[in-house]
Structure formats: C-alpha cells, structure tokens
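Chemist: Taken in order, the sequence shown gives residues 19 to 286; the numbers are from my numbering. All residues carry an ideal CB built from backbone N, CA and C; glycine is no exception. Remember, predicted model here, so these are calculated numbers, not experimental data.
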Amino acid sequence: MSDNRTSHPTSQSPLPVAIIGGGITGLTAAWELQKAGVPYVLLEKSERLGGKIQTERFDGFGDAPFIVERAGDAFLAAQKPWAMELAYELGLDDQILTTNPAQPAVHILKDGVLVPVPAGLQLIIPTNHDTFLASPLMSEDGKARVLAEEAIDPYAGNDDESVADFVRRRLGDEAVEMLAEPLLSGIYSAHPEEQSLLATFPRYRQLEQTYGSLIGGVRKIMEEGRSRGVEEKGRNLTTFMTFVGGTETLTKALAARLIGTEQGIGKV
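1. Got a sec? Which residues, its chain only, sit under 8 Å from residue 138 by beta carbon, not counting five neighbours each side?
2. Out of 172, 176, 155, which one is the CA nearest neighbour of residue 198?
3. Return the chain-ordered list of same chain residues with a C-beta closer than 7 Å to the C-beta of residue 153, the five sequence neighbours on each side being excluded.
4. Bridge partners of residue 147, per DSSP?
5. Taking the alpha helix (DSSP H) that residue 134 belongs to, which residues open and close that run?
6. How many Å lie between residue 52 and residue 34 at the Cα?
7. Do you know whose CA, among 234, 263, 117, 61, lies nearest residue 84's CA?
8. Can you name, in chain order, every residue of its own chain whose Cβ lies under 8 Å from the Cβ of residue 261, other than the five neighbours on each side?
9. List in chain order: all unbroken beta strand (DSSP E) runs of 3+ residues lying wholly within the region 32–80.
10. Assess contact between the region 217–232 and the region 65–81, defined as three or more Cβ pairs (one per stretch) separated by less than 8 Å. Is contact present?
11. Do you know whose CA, among 40, 50, 72, 231, lies nearest residue 172's CA?
12. Look up residue 200 in the DSSP assignment and say whether it is helix, strand or coil.
13. Can you give me the start and stop residues for the alpha helix (DSSP H) that residue 127 sits inside?
14. Rounded to the nearest angstrom, what separates residue 195 and residue 81 at their Cα positions?
15. Helix or strand or just coil, what does DSSP make of residue 137?
16. Given this structure, state the Cα-to-Cα distance separating residue 250 from residue 238, to the nearest angstrom.
17. Tell me whether residue 236 sits in a helix, a strand or coil according to DSSP, three-state version.
18. Can you give me the Cβ contacts of residue 185 inside the same chain, cut-off strictly under 8 Å, excluding the 5 residues immediately before and after it?
19. Taking DSSP as the reference, what is the three-state secondary structure of residue 273?
20. May I ask you to report which of helix, strand or coil DSSP gives residue 154?
21. Could you check where the beta strand (DSSP E) with residue 194 kicks off and where it finishes?
22. Throw me the rounded Cβ distance for the residue 18 and residue 60 pair, which I believe falls under 8 Å.
23. Quick check on DSSP: helix, strand or coil for residue 83?
24. Mapping the DSSP letters down to three states, classify residue 219 as helix, strand or coil.
25. With a threshold of 7 Å on Cβ separation, who are the neighbours of residue 8 within its own chain once the five nearest residues in sequence on each side are excluded?
26. Less than 7 Å separating the Cβ of residue 69 from some heavy atom of the ligand FMN?
27. Rounded to a whole number of angstroms, what is the C-alpha to C-alpha distance between residue 132 and residue 159?
28. Could you tell me how far apart the beta carbons of residue 163 and residue 190 are, in whole angstroms, since I believe they sit closer than 8 Å?
29. Quick check on DSSP: helix, strand or coil for residue 117?
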C-alpha cells in the first residue's frame, strides 16, 4: 500500500526531511514541518499510522460500542497541555472527553475510611492549596511539608533514584505513604521503594531540574497553557482527558491532514 502523498521540493525550497515512523511523534513532527512549509516525507512500514496508539471497537449496548485501547487510554491534560492544544488545532474540540463530573474524585483508604483526593491534586502535586489544606487525607504537618516543596533545592545529578526516595526528598515521608503508594505505584503495580523514577516518572525529574520545583513547575505549565488558550473553549482541564472515539482519534485526524506520507513501503 502506498499513500503517494509525498510533498516535493522546488528548486528554491530546502531539501525534504525524512521522518522514519508514523507514530504520534512522527505524525506531530510532520505536522509541524507542514505548517512551516518545509517539505518532508514520512515513512511508515506498516499499513496503519499511529504507532502504539491504537483503538479497537467492539459491539456494546445499543449504539454505544465498547472501546478498547491497546496502549494508554488518556493524556495528562493539565500537567501536559500540548495534546489538548494539538486537538484544538485539528478541530477536535467537540470530541474531547473529560473526567466524569458525577464521579470526579479518587478515594484513598485512611484508617478504614475512604477519603477523596483533594481537588486540584495532579497525582502527587497539589495545584490548589486551599483544597489541599482542607483535606483530611494528610496530617497538618504532612500537608505543610508538601507545600514547603518549593523551598527544597533541586537535585543537580542525573543518576536514578526510587520513586519513594524522590517523593520523600521533595514532599516528605507522609507523602510517600498517602500519595505515592496509592496513586503512583498503582499505575505500574509496583512498590515505590522499588520503582525507578527515570523509568516510570521521568517527568518529575524534568520538572525539578527545569523549574526547581514540582509545584512551581506544574503551576507554570498550567499558566502557559491558559495563556495559549487551552481553556478558552469553556472546558476546565482535568487530570486525565481523552476523546469520545478513543485516543486514535488524534492520530487519525493528524494523518488525514498530512500530505507527505508513504505507508506499507517495507522495512525502513
């Protein structure tokens, strides 16, 4: 199968850029080059674009199909607003699916009682100090230690550490027990003391070294997202967001807008 949508340079244009692989990274790179007027050809050995992002649909109840994701089922919209921005560029605003407002809260068992995670908590990073301080999830000392994170000097090295050691260093001992263990380790079904930070949550090290703080870094990213109009469509960012038709909605929309792709050309 050949898509035959290769963009060809003129004598005055730069040499075309070859992009190997039609996953989300390759598709996005091609999209940015296309917007900039740079000729390119995107090469994909399989007969579908999208890479690891793949959505399958099965008969469900009535007209609503079951949607099964072969990889991640959502993106971190508030912490990483770039997917949201791309969706708006592609005209997918009406297909964005937020967290169910009827069941917005994750609950954590504390002393035999289910306690809702405070609003604005981005996994382990509080973005709303008022709701975090009002929550009974942690002790007053524990909450104060978390919010003192911005005063902790960033680690300058590049060596790995466990998720527990990182959270303990940045947010305190209680945050390991009440936040990291139930919220982070559950994603990978691994204990945070044995979980590699760089293998599972490298973004936290990047936030620390780029902004000097997790709390300050997420706040800055959210402010930048708002300034670029991520929320101007009337939707509030929730921790996880996806598309009504599944994550493949994004890659299919990207592929449909590209003019320089070749598919099924054999191993490249």
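Modeler: Taking the structure as given:
1. Along the sequence shown, read from residue 1 onward, the residue named residue 138 stands at position 120. Contacts found: 144, 145, 146, 149, 150.
2. In the sequence shown, residue 198 corresponds to position 180, counting from 1. Nearest C-alpha to residue 198: 155.
3. Indexing the sequence shown from 1 puts residue 153 at position 135. Result list for residue 153: 136, in chain order.
4. On the sequence shown, position 129 is the one that residue 147 refers to. For residue 147, which the question treats as bridged, DSSP gives no partner whatsoever.
5. Taking the first residue of the sequence shown as position 1, residue 134 is located at position 116. No alpha helix (DSSP H) holds residue 134; the beta strand (DSSP E) holding it covers 131–134.
6. Sequence index remark: in the sequence shown, residue 52 carries index 34 (1-based). Sequence index remark: in the sequence shown, residue 34 carries index 16 (1-based). Distance from the CA of residue 52 to the CA of residue 34, rounded to the nearest whole angstrom, comes to 11 Å.
7. Here residue 84 is taken as the residue at index 66 of the sequence shown, counted from 1. Cα-wise, what sits closest to residue 84 is 263.
8. Here residue 261 refers to the residue found at position 243 when the sequence shown is read from its first residue. Shown here for residue 261: same chain residues with a beta carbon closer than 8 Å to its own, the five before and five after excluded, namely 105, 110, 113, 114, 115, 267, 268 in chain order.
9. 35–38, 58–62, 73–79
10. no
11. What you label residue 172 is simply residue 154 of the sequence shown in a count that begins at 1. With distances taken between Cα atoms, residue 172 lies closest to 231.
12. For this step, residue 200 is matched to residue 182 along the sequence shown. Residue state, collapsed to three classes: helix.
13. Within the sequence shown, the letter at position 109 stands for residue 127. Per DSSP, residue 127 is not a residue of any alpha helix (DSSP H); the beta strand (DSSP E) it occupies stretches across 125–128.
14. Along the sequence shown, one-based indexing puts residue 195 at 177. Along the sequence shown, one-based indexing puts residue 81 at 63. One C-alpha to the other measures close to 43 Å.
15. Start at 1 with the first residue of the sequence shown, and residue 137 comes out as number 119. In this structure, residue 137 counts as coil in the three-state DSSP scheme.
16. The count along the sequence shown starts at 1 and reaches residue 250 at position 232. The count along the sequence shown starts at 1 and reaches residue 238 at position 220. Residue confidence for residue 250 is low, a pLDDT of 48 falling below 50, so the modelled location carries little weight and cannot support an answer.
17. As a working note, residue 236 is residue 218 in the sequence shown. Helix, per DSSP.
18. Position 167 of the sequence shown, counting from 1, holds the residue named residue 185. Correct list, in chain order: 142, 193, 194, 197, 198, 202, 210.
19. Translated into the one-based positions of the sequence shown, residue 273 becomes position 255. Note: residue 273 maps to helix in three-state DSSP.
20. Your numbering for residue 154 matches position 136 in the sequence shown. Residue 154: coil per DSSP, three-state reduction.
21. Numbered from its first residue, the sequence shown carries residue 194 at position 176. Run containing residue 194: none; DSSP gives neither H nor E here.
22. Because the chain in this structure spans residues 19 to 286, residue 18 falls outside the shown range and cannot be described.
23. In the sequence shown, the residue the question calls residue 83 occupies position 65. Of the three classes helix, strand and coil, the one that applies to residue 83 here is strand, per DSSP.
24. Taking the sequence shown and counting its residues from 1, one reaches residue 219 at position 201. In this structure, residue 219 counts as coil in the three-state DSSP scheme.
25. What the structure shows of the chain is the stretch from 19 to 286, and residue 8 is not part of that stretch, so it cannot be assessed.
26. Of the ligands one can find in the structure shown there are none, so the ligand FMN has no counterpart to examine.
27. As a first step, residue 132 is located in the sequence shown; it is residue number 114 there, counting from the start. As a first step, residue 159 is located in the sequence shown; it is residue number 141 there, counting from the start. Whole-angstrom Cα-Cα distance: 21 Å.
28. On the sequence shown, residue 163 is found 145 positions in, with the first residue counted as 1. On the sequence shown, residue 190 is found 172 positions in, with the first residue counted as 1. That pair is a contact at about 4 Å.
29. On the sequence shown, residue 117 is found 99 positions in, with the first residue counted as 1. Looking at residue 117 - three-state DSSP - the assignment turns out to be coil, as it is neither helix nor strand.
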